[in-house]
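Chains as they are written, first to last, in the working numbering: chain D, -6 to 140; chain V, -6 to 140; chain B, -6 to 140; chain W, -6 to 140; chain E, -6 to 140; chain Y, -6 to 140.
We treat Cβ as the ideally placed atom computed from N, Cα and C, and that holds for glycine.
Number of protein chains: 6
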Amino acid sequence: MEANAVVRRMEQQLEASGETTLDRFRRGWARLQEVDGEAGARVVAGLADLAPDLGRYIIEFAFGDVYVRPGPDLRSREIATVAMLAALGNARPQLELHLHGALNVGCDRDEIVELLIQVAIYAGFPAALNALAAARKVFAERKVRGV
Amino acid sequence: MEANAVVRRMEQQLEASGETTLDRFRRGWARLQEVDGEAGARVVAGLADLAPDLGRYIIEFAFGDVYVRPGPDLRSREIATVAMLAALGNARPQLELHLHGALNVGCDRDEIVELLIQVAIYAGFPAALNALAAARKVFAERKVRGV
Amino acid sequence: MEANAVVRRMEQQLEASGETTLDRFRRGWARLQEVDGEAGARVVAGLADLAPDLGRYIIEFAFGDVYVRPGPDLRSREIATVAMLAALGNARPQLELHLHGALNVGCDRDEIVELLIQVAIYAGFPAALNALAAARKVFAERKVRGV
Amino acid sequence: MEANAVVRRMEQQLEASGETTLDRFRRGWARLQEVDGEAGARVVAGLADLAPDLGRYIIEFAFGDVYVRPGPDLRSREIATVAMLAALGNARPQLELHLHGALNVGCDRDEIVELLIQVAIYAGFPAALNALAAARKVFAERKVRGV
Amino acid sequence: MEANAVVRRMEQQLEASGETTLDRFRRGWARLQEVDGEAGARVVAGLADLAPDLGRYIIEFAFGDVYVRPGPDLRSREIATVAMLAALGNARPQLELHLHGALNVGCDRDEIVELLIQVAIYAGFPAALNALAAARKVFAERKVRGV
Amino acid sequence: MEANAVVRRMEQQLEASGETTLDRFRRGWARLQEVDGEAGARVVAGLADLAPDLGRYIIEFAFGDVYVRPGPDLRSREIATVAMLAALGNARPQLELHLHGALNVGCDRDEIVELLIQVAIYAGFPAALNALAAARKVFAERKVRGV
Chain D
-6 MEANAVVRRM
4 EQQLEASGET
14 TLDRFRRGWA
24 RLQEVDGEAG
34 ARVVAGLADL
44 APDLGRYIIE
54 FAFGDVYVRP
64 GPDLRSREIA
74 TVAMLAALGN
84 ARPQLELHLH
94 GALNVGCDRD
104 EIVELLIQVA
114 IYAGFPAALN
124 ALAAARKVFA
134 ERKVRGV
Chain V
-6 MEANAVVRRM
4 EQQLEASGET
14 TLDRFRRGWA
24 RLQEVDGEAG
34 ARVVAGLADL
44 APDLGRYIIE
54 FAFGDVYVRP
64 GPDLRSREIA
74 TVAMLAALGN
84 ARPQLELHLH
94 GALNVGCDRD
104 EIVELLIQVA
114 IYAGFPAALN
124 ALAAARKVFA
134 ERKVRGV
Chain B
-6 MEANAVVRRM
4 EQQLEASGET
14 TLDRFRRGWA
24 RLQEVDGEAG
34 ARVVAGLADL
44 APDLGRYIIE
54 FAFGDVYVRP
64 GPDLRSREIA
74 TVAMLAALGN
84 ARPQLELHLH
94 GALNVGCDRD
104 EIVELLIQVA
114 IYAGFPAALN
124 ALAAARKVFA
134 ERKVRGV
Chain W
-6 MEANAVVRRM
4 EQQLEASGET
14 TLDRFRRGWA
24 RLQEVDGEAG
34 ARVVAGLADL
44 APDLGRYIIE
54 FAFGDVYVRP
64 GPDLRSREIA
74 TVAMLAALGN
84 ARPQLELHLH
94 GALNVGCDRD
104 EIVELLIQVA
114 IYAGFPAALN
124 ALAAARKVFA
134 ERKVRGV
Chain E
-6 MEANAVVRRM
4 EQQLEASGET
14 TLDRFRRGWA
24 RLQEVDGEAG
34 ARVVAGLADL
44 APDLGRYIIE
54 FAFGDVYVRP
64 GPDLRSREIA
74 TVAMLAALGN
84 ARPQLELHLH
94 GALNVGCDRD
104 EIVELLIQVA
114 IYAGFPAALN
124 ALAAARKVFA
134 ERKVRGV
Chain Y
-6 MEANAVVRRM
4 EQQLEASGET
14 TLDRFRRGWA
24 RLQEVDGEAG
34 ARVVAGLADL
44 APDLGRYIIE
54 FAFGDVYVRP
64 GPDLRSREIA
74 TVAMLAALGN
84 ARPQLELHLH
94 GALNVGCDRD
104 EIVELLIQVA
114 IYAGFPAALN
124 ALAAARKVFA
134 ERKVRGV
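Structure (structure tokens):
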């Protein structure tokens, strides 16, 4: 389809929906808490000094736009996120956050360990080993907190 | 646990199991066909000239050891693999293969598109866009073949 | 600051602003055209079949939220983007798009070539060489179009 | 060659060889100790709580299948591994392990330093600098242990 | 142009210029100090034990050849470097060094924060978040030192 | 050692050596031809239109400074380079060039295939498969040329 037609239709849909950024924010904040719990809130609060709007975009875009979409359930979404972060291998704090997230939305420990073993096939054994080290830490944190 | 004790126990278990490489190969070949169909077989056949044993390791290790493990179902495994390959962004042929794989084991098109949109959050919009281009090609191939 | 206080303040600001997604969309569409011209519109149109909302998020989030923020001028933003895509080395279509973008917002060819030479220091000579190959193509396209 | 023919021939060879997983495990364990010494054993033991089979796959596949193959000597293999891990830049623990490995199988310190300098050409100066920091730590550990 | 002709012309130009490695070294050392200040000097000094020539190449090639070239001013060069290192996400010490560098050559804190927010679009939110954590540390160091 | 002392000593050594950029260029050009043959010359010539100095830096720095250093022989250097480029997975033209290079300086085909199989352990099977595809092409090119 021609670009102008695509854009005009999007404008019409957005006008009809009347969606505000506040709507997206509230929807995203609820979803973020459901997935990441307190730790997700801490990420947003931790940005308040330096880049509060990046925290807001995480709520509005990542959780208010994307994570609320129909289709994959939250368990599938967290499996995908954990797999991506483990494969990239350069985002340890976010991997830990989403290992908690995966457990929060219904993955169990054994399933996560299995998926991290699978990382070895596609991103190499070092990526799998380092992701398992993150998982060990996350599992221990939850044991201490009695989750 | 001390390394020698760990290793000794593994040896005892392997001795008890009597598992042969042929067992692993047959198990892996069945699983590879289930996940990747003909396209997976083509990868193995395509290695026959240069590195047949790498094809054999894909069958034996990736599919005969890992993809047969209990825990995540094949749908979850393929979601993780597609997510990893999309995020890494440097493995287009394998991404296409596993987009077929994901569809073969029960993911539907919409779900895959949703997960590729989610790639934008963790690996950036270019990675998501390029993965969607791979998905467009795979969906078209399947339409032609009437799958 | 405590997370709930941060979030409450954001809600109040969003409520006061009354910003709608349509506002963001219009702002982003104008900015996208300014930076990427027709080629940016083609990316959005090209997503209409498969993932129209990803095109919408590029407009709303990338251009309507981020590229309109105060601070760095568009030239600085495009220098950063070209540098990132050249260094990552796995996003050729997007690198070409933003090489056009950089030229659209006031970078000249020599300056871009200089920055791509600098890529060799931080991401290696192959990344620099491949980015220069993209630049050669983009410069030729613009010559043909008489830009 | 056609896939089924390739697979049938592999099955016949595996049947003829009678190789068991225990054979691979023993071969791999010997090779792992030769290359990585005690530190390699610690990696396997460290996985015993969470993912013992990943440790087993390192022994069986990485060392029992691949590192025992004819062709490159162990020195060449460790040069390749150190170079890969230095270039990827996101696998520090494994880089340290294989810097020890390279020294264990006959590389000398000067040669390793030279190869890490070469990393700057292909993966950038930061990758080379961070790999040299890993090498400095490994050299110091060996001095303390009098190796 | 044919390779031999290109090479012959380069030789003639170098012969005419009479440039020595000492010229490049002095030029580079001045530029390195201008950009990275004391911290750059520390990188070079820190290599003196293990790979002094890598420190020399940073001075001669990175700063004596590349950073002195005409075209982009130092502010643009540091914007590009910070963006690359933030996007790659595996070079934290060098990112910190160049965040100092960017501030040394005229970027202000707000501008850097804005560019790091932009990283989220092209390399994902984790890369942006981790780069902002580096920026927080660098800003605090400068506050302590009263810069 | 203190930075100023390190730098002063380097200056003295460079002054004593009297090395010119022309010396480095000639040394590097000879080494580049030895390693990469005609294909290396083509890379330099191909940069003559857009970034001739990047071609010059490849000759002067990569080959005139680094590849001429004592220590690893050229075979070891090319093993490291091929391994790095295969693991990074985003530098296909340079991987092909250095596969030729490795064969030019004494690696044989079987040895290269073995090392590319090993890539699967550290960077995943997709990286190994894609590097083998590059090797297949390079081996065929050499067969045609009768090398």
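Within its chain, find whatever has a CB closer than 7 angstroms to the CB of residue i; leave out the 5 residues flanking it on each side and keep chain order.
{"i": "HIS91 (chain B)", "result": "GLU71, THR74, VAL75 and LEU78"}
Taking buried to mean at least 16 other C-beta atoms within 10 Å of its own C-beta, is residue i buried or exposed?
{"i": "VAL137 (chain W)", "result": "exposed"}
{"i": "GLU53 (chain W)", "result": "buried"}
{"i": "GLU104 (chain W)", "result": "buried"}
{"i": "SER10 (chain D)", "result": "exposed"}
{"i": "ARG1 (chain Y)", "result": "exposed"}
{"i": "VAL59 (chain B)", "result": "buried"}
{"i": "PRO63 (chain B)", "result": "exposed"}
{"i": "ASP42 (chain V)", "result": "exposed"}
{"i": "VAL140 (chain Y)", "result": "exposed"}
{"i": "GLU107 (chain W)", "result": "buried"}
{"i": "ALA113 (chain E)", "result": "buried"}
{"i": "ALA133 (chain V)", "result": "exposed"}
Of all the options the options, which has the alpha carbon lying nearest to the alpha carbon of residue i?
{"i": "ALA(-2) (chain V)", "options": "W:LEU25, W:ARG2, W:ALA(-2) and W:ALA34", "result": "W:ALA34"}
{"i": "PRO65 (chain D)", "options": "V:ARG102, V:ALA116 and V:LEU88", "result": "V:ARG102"}
{"i": "TYR50 (chain W)", "options": "D:ALA127, D:LEU122, D:ALA38 and D:TYR50", "result": "D:LEU122"}
{"i": "PRO45 (chain V)", "options": "W:GLU4, W:ASP16, W:LEU15 and W:LEU88", "result": "W:GLU4"}
{"i": "GLY82 (chain W)", "options": "Y:TYR115, Y:ALA84 and Y:GLN111", "result": "Y:TYR115"}
{"i": "GLU(-5) (chain V)", "options": "W:ALA84, W:PHE118, W:PHE18 and W:ALA38", "result": "W:ALA38"}
{"i": "CYS100 (chain B)", "options": "B:ALA32, B:VAL36, B:VAL28 and B:ALA84", "result": "B:VAL28"}
{"i": "HIS93 (chain E)", "options": "E:VAL112, E:GLY117, E:LYS130 and E:GLU8", "result": "E:LYS130"}
{"i": "LEU47 (chain D)", "options": "E:PHE118, E:PHE132, E:ALA133 and E:TRP22", "result": "E:PHE118"}
{"i": "GLN26 (chain E)", "options": "E:GLU8, E:PHE56 and E:ARG17", "result": "E:PHE56"}
{"i": "SER69 (chain D)", "options": "D:ARG85, D:VAL98, D:ARG17 and D:PRO86", "result": "D:VAL98"}
{"i": "ALA120 (chain Y)", "options": "V:GLN111, V:ASP16 and V:ALA84", "result": "V:ALA84"}
{"i": "PHE18 (chain E)", "options": "Y:LEU40, Y:GLU31, Y:PHE18 and Y:GLU8", "result": "Y:GLU8"}
{"i": "PRO86 (chain Y)", "options": "Y:GLN111, Y:LEU67 and Y:VAL36", "result": "Y:VAL36"}
{"i": "LEU67 (chain E)", "options": "B:LEU40, B:GLN111, B:GLY30 and B:LEU67", "result": "B:GLN111"}
Identify, in the order they occur along the chain, each residue of the same chain with its Cβ nearer than 6 angstroms to the Cβ of residue i, setting aside the five sequence neighbours on each side.
{"i": "VAL61 (chain W)", "result": "ARG20 and ARG24"}
{"i": "LEU125 (chain B)", "result": "LEU109"}
{"i": "ALA32 (chain Y)", "result": "LEU90 and HIS93"}
Cutting at 8 angstroms between CB atoms, please list the residues of its own chain near residue i, excluding the five before and the five after it.
{"i": "THR14 (chain B)", "result": "GLU53"}
{"i": "LEU88 (chain B)", "result": "VAL75, LEU78, ALA79, ALA124 and ALA127"}
{"i": "LEU96 (chain D)", "result": "ARG102, ILE105, VAL131, ARG135 and VAL140"}
Residues from the segment 107 to 136 of chain V in contact with chain B, defined by Cβ distance under 9 angstroms: For the segment 107 to 136 of chain V, residues whose beta-carbon sits nearer than 9 angstroms to a beta-carbon of chain B comprise GLU107, LEU109, ILE110, ALA113, GLY117, PHE118, PRO119, ALA120, ALA121, LEU122, ASN123, LEU125, ALA126, ALA128, ARG129 and PHE132.
Interfacial residues, the segment 47 to 79 of chain Y to chain B, with Cβ spacing under 8 angstroms: Going along the segment 47 to 79 of chain Y in chain order, one finds LEU47, TYR50, ILE51, ALA55 and LEU78 with a Cβ nearer than 8 angstroms to chain B.
Residues of the segment 11 to 44 of chain D with a CB closer than 8 angstroms to any CB of chain E: list them in chain order, please. Residues of the segment 11 to 44 of chain D that bring their beta carbon within less than 8 angstroms of a beta carbon in chain E comprise VAL36, LEU40, ASP42, LEU43 and ALA44, in sequence order.
Interface residues of the segment 78 to 106 of chain V facing chain W [CB-CB below 8 angstroms]: Result list empty, no residue passes.
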